[in-house]
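What follows is a single structure, written as structure tokens, with notes after it.
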Amino acid sequence: MRLTRLFALTLALLMAALLAVACGGDEEPDPTATPTPVPAVTPTPTAMDAMEPEEPAATPTPLPPGVTPPPPTPTPTSPPPPTATPIPGFDPEEHFKNKRISINVGFSPGGGYDTFGRVVAKFLPRHLPGNPRILVRNLTGGGGERIFRPTLVDIEPEGYAAAVVHPRFFKRELVGIDVPDFDMNEIRIIGTASAVSTVSAQFAFRDLGTTWDEAVANAGGELKVGATEPGDSGGLATTFIELVGGPIKNIYGYPGSSDIAAAFDRREIDITTRGSEATAKSLFPEWVEQQQIVPLFYWGADPSTDQAFTNYVVNDLGAELPPHVFDIIDLTEEQKTLFSVTETINDKMSRLFIMHPDTPDHIYQVWVDAFRATAHDPEFLEAMSLLNREVGYAGPDEIVQVLQEGLIALEDPVLREGFITLAGGVD
Numbered sequence: 189m190r191l192t193r194l195f196a197l198t199l200a201l202l203m204a205a206l207l208a209v210a211c212g213g214d215e216e217p218d219p220t221a222t223p224t225p226v227p228a229v230t231p232t233p234t235a236m237d238a239m240e241p242e243e244p245a246a247t248p249t250p251l252p253p254g255v256t257p258p259p260p261t262p263t264p265t266s267p268p269p270p271t272a273t274p275i276p277g278f279d280p281e282e283h284f285k286n287k288r289i290s291i292n293v294g295f296s297p298g299g300g301y302d303t304f305g306r307v308v309a310k311f312l313p314r315h316l317p318g319n320p321r322i323l324v325r326n327l328t329g330g331g332g333e334r335i336f337r338p339t340l341v342d343i344e345p346e347g348y349a350a351a352v353v354h355p356r357f358f359k360r361e362l363v364g365i366d367v368p369d370f371d372m373n374e375i376r377i378i379g380t381a382s383a384v385s386t387v388s389a390q391f392a393f394r395d396l397g398t399t400w401d402e403a404v405a406n407a408g409g410e411l412k413v414g415a416t417e418p419g420d421s422g423g424l425a426t427t428f429i430e431l432v433g434g435p436i437k438n439i440y441g442y443p444g445s446s447d448i449a450a451a452f453d454r455r456e457i458d459i460t461t462r463g464s465e466a467t468a469k470s471l472f473p474e475w476v477e478q479q480q481i482v483p484l485f486y487w488g489a490d491p492s493t494d495q496a497f498t499n500y501v502v503n504d505l506g507a508e509l510p511p512h513v514f515d516i517i518d519l520t521e522e523q524k525t526l527f528s529v530t531e532t533i534n535d536k537m538s539r540l541f542i543m544h545p546d547t548p549d550h551i552y553q554v555w556v557d558a559f560r561a562t563a564h565d566p567e568f569l570e571a572m573s574l575l576n577r578e579v580g581y582a583g584p585d586e587i588v589q590v591l592q593e594g595l596i597a598l599e600d601p602v603l604r605e606g607f608i609t610l611a612g613g614v615d
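Residue numbering for the sequence shown follows my numbering, beginning at 189 and increasing consecutively.
Rendered as structure tokens:
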């Protein structure tokens, strides 16, 4: 599978940077100006080779039942790269002025995707010409899949709609599983303000158990956990534990974070990531105020590097820092590698903003510049901090690099099979 349009974008940005150096000028460009070169990343010499192998593998890796194999790779026909060169007759200010723009979110209000969508919607008009009005729409269902048709199909590609997409859909396409109305080779990637590696943890009510082993025993040997659907990044660790035969039962079908938190509060499920500081304090503050919950295990960043997480667990919850997921069950090195590859894609591609694949380059570039400026806006950062949401910007070129690295890792057939399951591609 090739990422032709995305590669063209990366090449265009690098060429723009080289041209700026050749023309002179020592001043750093205004972050809101157009164009703003995205810092070049160090190229990975083998990435393109992995994307375009000279010879096919001698023995194709069989896919699990129900998985659609990827179609033959077509001859690339690279579209014109995005450019900020003035287009005759195009006035960005007039194009967006008095327009209503939709940001489509595939999850219910109150969760991380909804929060990022709404805060971006509040500050983006400052940086998008014409100061348009932005409406956030929650289109729940299908684990976030309902956003694709109204964003990528049933609308004219004029730059008046964007969506916040879950990384599960990129993961599925990486292994050749078709996602209706979505093609990662064609969609326009705007960027993400959520490319961070944070500490994630699964929480339980204290009366169920304060350690992993105690909670498993008190739950009768199996812990129930809620998720939107297979491939939910918030449920990565529990899906992984179930995959390797651990004592976890994933229950799918919840519309979003707030629904999962409510199910946990009703004791419908045993453990959840929604005991995190941001979710618990906003939706069920009594969990924290009465020290009702404790973390059983964590993954992601090291808690010793995250003082906020440490303070929350030790001071607010009166609990001990939990062990890493690798320390609560027996795992092979290959299983650990599978988890780490999936985790990297989740971290870098969470809450990714995309738009119609046929959006003209000059309109698309306005969006990329405006989104980048929004993600670095001091007031946007302050607002996210007040909501206990960490911000980390990643642009289109960085996302391309992550996808390249994922393709390289997934050449291993064992990793590929497990990755398909973690991506939610196998029932």
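Beta carbons: idealized from backbone N, C-alpha and C, even for Gly.
Practice task
Taking all protein chains shown into account, decide if K359 is buried (16 or more other Cβ within 10 angstroms of its Cβ) or exposed.
Solution key: The count along the sequence shown starts at 1 and reaches residue 359 at position 171. With 16 or more other Cβ atoms within 10 Å, it is buried.
Practice task
Could you spell out where the alpha helix (DSSP H) holding A392 opens and where it closes?
Solution key: For this step, residue 392 is matched to residue 204 along the sequence shown. No alpha helix (DSSP H) contains A392, which is instead part of the beta strand (DSSP E) from V387 to F393.
Handout entry: Cut-off 8 Å between Cβ atoms - residues of its own chain near F485, not counting five sequence neighbours on either side
Key = For this step, residue 485 is matched to residue 297 along the sequence shown. Once the five neighbours on either side are set aside, the close Cβ partners of F485 are A389, Q390, W400, A425, P510, P511, H512, V513, D515 and I516.
Problem - Assumed close pair G331, T427 - CB separation to whole angstroms, cut-off 8 Å - result: The residue you call residue 331 lines up with position 143 of the sequence shown. The residue you call residue 427 lines up with position 239 of the sequence shown. 13 Å between Cβ atoms; not a contact.
Handout entry: Beta-carbon proximity list for P491, same chain, < 6 Å, skipping 5 on both sides
Key = Residue mapping note: residue 491 aligns to position 303 of the sequence shown, counting from 1. Answer for P491: V387, F497, T498 and L509, listed in chain order.
Problem - Straight-line Cα distance separating G419 from E599 - result: Here the question's residue 599 lines up with position 411 in the sequence shown. Here the question's residue 419 lines up with position 231 in the sequence shown. Distance between the alpha carbons of E599 and G419: 20 Å.
Practice task
Work out the CA separation of G433 and A403 for me, nearest whole Å.
Solution key: As a working mapping, residue 403 is identified with position 215 in the sequence shown. As a working mapping, residue 433 is identified with position 245 in the sequence shown. So the two alpha carbons sit approximately 17 Å from each other.
Problem - Residue ranges of each beta strand (DSSP E) within the segment 530-574, 3 or longer - result: 540-543
Practice task
Drop a sphere of 10 angstroms on the beta-carbon of L656, count the other beta-carbons inside from all chains shown, and report buried for 16 or more, exposed for fewer.
Solution key: Because the chain in this structure spans residues 189 to 615, residue 656 falls outside the shown range and cannot be described.
Exercise for the section: Count the other CB atoms, across all protein chains shown, that sit within 10 Å of the CB of Q478; report buried if there are 16 or more and exposed otherwise. Expected result: Position 290 of the sequence shown, counted from the start, is the residue given in the question as residue 478. Its Cβ having fewer than 16 others within 10 Å, Q478 is exposed.
Exercise for the section: Take the Cβ of F278 as the centre, count every other Cβ of all protein chains shown within 10 Å, and call the residue buried at 16 or more, exposed below. Expected result: Against the sequence shown, residue 278 aligns to sequence position 90. Burial call: exposed.
Handout entry: Cβ-based neighbour list, Y500, same chain, cut-off 6 Å, excluding 5 preceding and 5 following
Key = Position 312 of the sequence shown, counted from the first residue, corresponds to residue 500. The residues are E465.
Exercise for the section: Go ahead and label P355 buried or exposed: buried means 16 or more other beta carbons lie within 10 angstroms of its beta carbon, across all protein chains shown. Expected result: The residue given as residue 355 occupies position 167 in the sequence shown. Buried is the call here.
Problem - Candidates T493, V529 and A468: closest to D504 by CA position - result: Taking the first residue of the sequence shown as position 1, residue 504 is located at position 316. The shortest Cα separation from D504 among T493, V529 and A468 belongs to A468.
Handout entry: Sheet register partners of I439 (DSSP bridge)
Key = One-based indexing of the sequence shown puts residue 439 at position 251. Beta-bridge pairing links I439 to G414.
Handout entry: Buried/exposed call for Q495, threshold 16 Cβ in 10 Å
Key = As a first step, residue 495 must be located in the sequence shown, where it is residue number 307. Burial call: exposed.
Exercise for the section: Please confirm whether any heavy atom of the ligand NAD lies closer than 8 Å to the CB of R454. Expected result: Looking at this structure, you won't find the ligand NAD or any other ligand, since it has none at all.
Practice task
Going by CA-CA distance only, name the one from I289, V579 and G305 that's closest to S296.
Solution key: The sequence position of residue 296 within the sequence shown is 108, counting from 1. Checked all of I289, V579 and G305; the closest Cα to S296 is G305.
Exercise for the section: Compute the distance between the beta-carbons of H544 and I343, then report whether it is under 9 Å. Expected result: Here residue 544 refers to the residue found at position 356 when the sequence shown is read from its first residue. Here residue 343 refers to the residue found at position 155 when the sequence shown is read from its first residue. Yes, the pair counts as a contact, with Cβ atoms nearer than the cut-off.
Exercise for the section: Would you mind stating whether S421 and S538 have Cβ atoms separated by less than 9 Å? Expected result: Numbered from its first residue, the sequence shown carries residue 421 at position 233. Numbered from its first residue, the sequence shown carries residue 538 at position 350. Contact: yes.
Practice task
Note the first and the last residue of the continuous alpha helix (DSSP H) segment covering T427.
Solution key: Here residue 427 refers to the residue found at position 239 of the sequence shown. Where T427 is concerned, the enclosing alpha helix (DSSP H) stretches over L424 to L431.
Handout entry: With 16 other Cβ atoms within 10 Å as the buried cut-off, status of N326
Key = Start at 1 with the first residue of the sequence shown, and residue 326 comes out as number 138. Buried.
Handout entry: Residues of its chain near V159, where Cβ-Cβ distance is below 8 Å and the 5 sequence neighbours each way are ignored
Key = Residue 159 is absent from the model: the chain starts at 189 and stops at 615.
Handout entry: C-beta atoms of I365 and I596 nearer than 9 Å
Key = Counted from its first residue, the sequence shown places residue 365 at position 177. Counted from its first residue, the sequence shown places residue 596 at position 408. Against a cut-off of 9 Å, the Cβ pair of I596 and I365 comes out as no contact.
Practice task
Would you kindly work out how many angstroms separate the C-alpha atoms of L316 and N292, rounded to a whole number?
Solution key: As a position in the sequence shown, residue 316 is number 128, starting the count at 1. As a position in the sequence shown, residue 292 is number 104, starting the count at 1. So the alpha carbons of these two residues sit roughly 17 Å apart.
Problem - Cβ-based burial, A449 [other Cβ within 10 Å; buried from 16] - result: As a working note, residue 449 is residue 261 in the sequence shown. Classification of A449: buried, given that the 10 Å Cβ count is 16 or more.
Exercise for the section: Verify whether the separation of the beta carbon atoms of F336 and P368 is less than 9 Å. Expected result: To locate residue 336, count along the sequence shown from 1; it is residue 148. To locate residue 368, count along the sequence shown from 1; it is residue 180. Result yes, Cβ atoms of F336 and P368 sit closer than 9 Å.
Exercise for the section: Decide if V602 is buried, meaning its Cβ has at least 16 other Cβ atoms within 10 Å, or exposed. Expected result: Against the sequence shown, residue 602 aligns to sequence position 414. Exposed, because fewer than 16 other Cβ atoms sit within 10 Å of the Cβ of V602.
Practice task
Work out the CA separation of V384 and I533 for me, nearest whole Å.
Solution key: Stepping through the sequence shown from its first residue, residue 533 is reached at position 345. Stepping through the sequence shown from its first residue, residue 384 is reached at position 196. I533 and V384: Cα-Cα distance of roughly 11 Å.
Practice task
With a 10 Å radius around its C-beta and 16 neighbouring C-beta atoms as the bar for buried, classify T230 as buried or exposed.
Solution key: Translated into positions along the sequence shown, residue 230 becomes position 42. At T230, the pLDDT of 36 sits below 50, so the modelled position is not reliable and the matter cannot be decided from this model.
Exercise for the section: Report yes if the C-beta distance between T525 and A611 is below 9 Å; otherwise report no. Expected result: Here residue 525 corresponds to residue number 337 of the sequence shown, with the count starting at 1. Here residue 611 corresponds to residue number 423 of the sequence shown, with the count starting at 1. Cβ atoms of T525 and A611: not closer than 9 Å.
Exercise for the section: Give me the Cα-Cα distance between T547 and D535, rounded to the nearest whole angstrom. Expected result: Taking the first residue of the sequence shown as position 1, residue 547 is located at position 359. Taking the first residue of the sequence shown as position 1, residue 535 is located at position 347. Spanning the two alpha carbons is a distance of roughly 27 Å.
Exercise for the section: Go ahead and label V341 buried or exposed: buried means 16 or more other beta carbons lie within 10 angstroms of its beta carbon, across all protein chains shown. Expected result: Residue numbering aside, residue 341 sits at position 153 when the sequence shown is read from its first letter. Classification of V341: exposed, given that the 10 Å Cβ count is below 16.
Problem - Residue closest to R577, alpha-carbon to alpha-carbon, out of V590, A563 and I587 - result: For the purposes of this step, residue 577 is taken as residue 389 along the sequence shown, with counting starting at 1. Considering only alpha carbons, the answer is A563.
Exercise for the section: Assign G580 to one of three DSSP states: helix, strand, or coil. Expected result: The count along the sequence shown starts at 1 and reaches residue 580 at position 392. DSSP places G580 in strand when its eight states are reduced to three.
Handout entry: Classification of G397 by the beta-carbon crowding that lies within 10 angstroms, buried from 16 upward
Key = Counted from its first residue, the sequence shown places residue 397 at position 209. It counts as buried.
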